[in-house]
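According to the numbering used here, the sequence shown holds residues 324 to 1078 in order.
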Amino acid sequence: MNKFIFSISLMLLLISCRETEVIETYSIIPQPNSLRYADEYLTSDKTFNLQANHAEGVTLRDVLMSKADQYALTFSQGSDATPLLLMYDASLSNEAYRLVVDTEKITISASSQAGWLYGFHSVVQMLPVGDAGTFQLRCGTIEDAPRFVYRGMHLDVSRHFFDLEEVKEMVDQMVHYKLNKLHLHLTDDQGWRLQIDKYPLLTQMGAWREHNGQDSTCLEKAVEDATFIIPEKHYRIINGKRMYGGFYTKAQMKELIDYCQQRNIEIIPEIDIPGHFKAAIDNYPYLSCSGEAGWGTHFSYPACLGKASTYEFIENVLSEVAELFPSKYIHIGGDEVNKDEWKRCKKCQRAIRKAGLKNEHELQSHFNHHIEEFLAAKGKQLMGWDEIVEGGVSEHSTVMWWRNWAPNTIRDAAKNGNDVIVTPDFEYYFDFTHAATPLSKVYNFEPVPDDFTEAMAARVLGVQANIWTEGIPNTDRLYYQSLPRMLALAESGWTAKDLKSYSKFEERLPRHYRYFESQDLFYHLPVLGAYEDETVFIQNTAFQLEIPLEGMTVYYTLDGSTPTQQSAVYEGPVAIDQACTVRFRAYKGDVFSKIYEAKYTQQTPADAVEASVQPGLHRSYVEGRYWNCKDVPLTNIAAAQTRVDDFGLGQYEGQSNYALVFEGYFKAEEEGVYTFYTNSDDGDQLSVHGNIIVDNNPSHGPRMRRGSIALKAGLHPLQLIYCQIGGGAVQEVFVETPGQEKRLVQPAELFCKIN
Ligand code: ACM
Ligand code: ZN
């Protein structure tokens, strides 16, 4: 047998020996609203004969067939192909679908393009990822429809630019998870991204910049993390200078709009006015109050609302936007306006007097009303960030609630009859780190506040996650930030509240990680566990990890250098016998995690002290509003001391604006490493022998922090400072003694001087 024939025969043998995969449960995200399995199987190999019995279905079929590669599907009319039927059923609502897998075929019934589309994506998610060979798929029936009509992603293309192909790729991911709105933040201080014929400088100049601070920060991080590289394709030489940026021509935007429409995605364009408008003011400086672009304390100079020329400019821009985008919404931003400029501006003040307004908030509201009417005449509805509620808003505007710290705006808007989109900063901002906004927090957030009446709840159109791109210069970083959090958002937008379960969602995720890998999409790997940021040891200890996902490999260094795939592989506990920082990073294929750090400090146990003591602690009350315990004055505390049994707020529970200072001794029963934990709201710090061991400053919600110290047996001086501002109040101290589990510090371990 020649070599070639031998290899072919071997390949055929291997293929025929490959065990047939049996798919018992579907890993669909978002979880369908009704799913019944049957005890039969369909045998298939991802070759489908896609047929439609309705004109719209036929159009969609062509779109789906053009994306065969994305899902490693083959379409064929051959007799071996599994029939995949798109059937019309007028009884199903828009976006709803019924999906039946029987032993012969798969049938998707719907009354709209959206329904078939979503049924199709459910089918894709039932199948093995990639080239699977023959498999058996459990038969079953899905009846599905979304909880909310608005299931959105926002993308800031101003701070860093994403070109047409990059946005299309994100759209492909959105439709795969049944998201249907793309809110494009097209303009901001750092770049104007949409061609406006009447004001060509907006893109000729306003779309390009020399590196700003955000770019420099990305480039600094890129030294250790390639997900911060700014793509070369987004640079141009303009007037001899290397400039970063880009914009969409109207023709490109039209292409994107069509691409989205074929995928049931509505693009909501945002032109952020009157603040976040510096890219326009830089090039048309007459738009600002002072005739110059610039920055106030926090935000850029806004458009002057006392000049007719500002209104004319904005109306001209919005006319072109309204003509280009089919969406019924135009988002006008309205957030974070530096109103100090309006306070100083004679023209703005005259406008306030002339319209009988009370203040600058009402000036913005007056402007919003004007724009709202202007848009209404063009058949469009105004959408804005929740600041538009301050100063009054008509019920025809749609409000995006983002400020967790302004909870009344969503309530006022819903009571007022405004539609609202829920997009809170603490839960749905995907530019936040995964530590600050973990997947579970995104998933478990319930979008409809539990005090909403039925009428108010009916105003909640849905959910959206926002991606602000100051620190996101490329698509790898974009997906690192948004995947898999986008899947958690998608499930909150689609799946009935009672059917949601984080643990079941987690069980379905590995299939989606494999899908991301098959698409070369970056994503955030599940976090490594079982290590501590800081560990104190006396003689030796071990660096240990828990690796949460099969196929993840961890590389580490002990000398401070960057861990790469050439570094040591973590294969089990690593002995540590001298001070060091372990730097480590997980890889799965081409995807990698952030660099983690675990610091190891070797200590000689601190000597105990001799003192005449009694049980308890000395506690002093200090009046004042302290955001940081380091600011609490300690000069007079001795005079205010009372003896208490242990830590705790005592009679101060329920009061605001004070600090408590506890002083005394902790009694170590034996020599060893002691780890203290404090749980605090609004912040505390624990010192032993005068060194801060736990720095829990400032903590706006209850937060646990830890720190360790090596102690000899005996008494050790200890101080705890606690700050209370208002709202919740928590103050607890725990300890892990050598070889024991964490527990509350006991009164028997606390002593204070006999006065
Ligand atoms: C916003 O995050 N400024 C809406
Ligand atoms: Zn002005």
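Built from N, CA and C at the ideal position, the CB exists for glycine as well.
This structure is a prediction, so every number in the text was calculated from the model and none was measured.
Proximity winner among the options, relative to residue i (alpha-carbon distances)
i	options	result
T858	Q804, K922, T798, L940	K922
F749	R734, A616, A819, W725	W725
I596	G619, T620, E638	E638
F985	L957, I790, T998, N1002	L957
Q400	E920, H621, F371, V381	F371
A448	I352, K504, D392	It is Gln, not Ala, that sits at residue 448 in the sequence shown. For Q448, the nearest C-alpha among the options comes from I352.
K764	D774, Y752, P772	Y752
A395	K1065, R837, A674, A788	R837
F1094	D538, V967, R461, A413	With the chain covering 324 to 1078 only, the question about residue 1094 has no answer from this structure.
L273	E994, N731, G971, V345	Outside the modelled stretch of the chain, which goes from 324 to 1078, sits residue 273, for which no answer is possible.
K703	H689, S720, S688, V716	S720
P1025	F989, L1034, V1056	V1056
K1076	H534, P1040, P523	P1040
For residue j and residue i, the rounded distance between their alpha carbons
i	j	result
S1010	Q1042	5 Å
E829	L415	30 Å
F398	L407	10 Å
D954	N1020	11 Å
G1006	N980	12 Å
E547	D913	15 Å
P796	P554	7 Å
H1023	W439	46 Å
Q804	F755	8 Å
F477	G657	The residue asked about is misnamed: residue 477 is His in this sequence, not Phe. Answer to the nearest angstrom: the Cα atoms are 16 Å apart.
Y558	R532	9 Å
G895	V1017	29 Å
R771	H499	The sequence as given places Val at residue 771; Arg does not occur at that position. Taking the straight line from one Cα to the other gives about 25 Å.
D663	P625	9 Å
L303	A700	In the structure as shown, the chain begins at 324 and stops at 1078. Residue 303 is therefore absent and cannot be evaluated.
S613	I744	35 Å
G617	K651	33 Å
G1051	V945	18 Å
C-beta atoms of residue i and residue j nearer than 8 Å
i	j	result
T572	Q518	yes
E685	G714	yes
M410	S432	yes
T798	E492	yes
I655	I594	yes
A931	G1037	yes
F551	R908	no
L868	Y893	yes
A419	A468	yes
H444	K501	yes
N661	F622	yes
Y360	Q459	no
E643	K666	no
E347	R461	yes
V1091	R474	Because the chain spans 324 through 1078 in this model, residue 1091 falls outside it and cannot be assessed.
I1044	R948	no
I653	L698	yes
Secondary structure of residue i, DSSP reduced to three states
i	result
K703	coil
E589	strand
R384	helix
E1072	helix
F327	Residue placement at F327 cannot be trusted, given a pLDDT of 46 that sits under 50; what the coordinates show is reported in the next sentence. Helix.
Q804	helix
V640	helix
M334	Its pLDDT being 48, under 50, M334 is placed unreliably in this model, and the value from its coordinates should be taken loosely. Of the three classes helix, strand and coil, the one that applies to M334 here is helix, per DSSP.
R1026	strand
R565	strand
V452	coil
V897	strand
C903	strand
V1089	Because residue 1089 is not part of the residues shown, which for the chain are 324 to 1078, the question remains open.
L524	helix
N356	coil
P1021	strand
W791	coil
G514	strand
C-beta neighbour in chain D for residue i, strict 8 Å
i	result
Y558	Any reference to chain D falls outside this structure, which holds one protein chain only.
### Message
My parser needs the alpha helix (DSSP H) runs of 4 or more residues fully inside the region 711-747; what are they?
### Response
730-738
#### Entry: Complete runs of the beta strand (DSSP E) confined to the region 921-996 [at least 3 residues]
936-938, 940-946, 965-967, 981-991
### Task
Just list the beta strand (DSSP E) runs in the region 457-507, keeping only unbroken ones of 3 residues or longer that don't cross its boundaries, in chain order.
458-467, 473-479
#### Entry: Uninterrupted beta strand (DSSP E) stretches inside the region 384-446 (no shorter than 3 residues)
405-411, 420-424, 429-433
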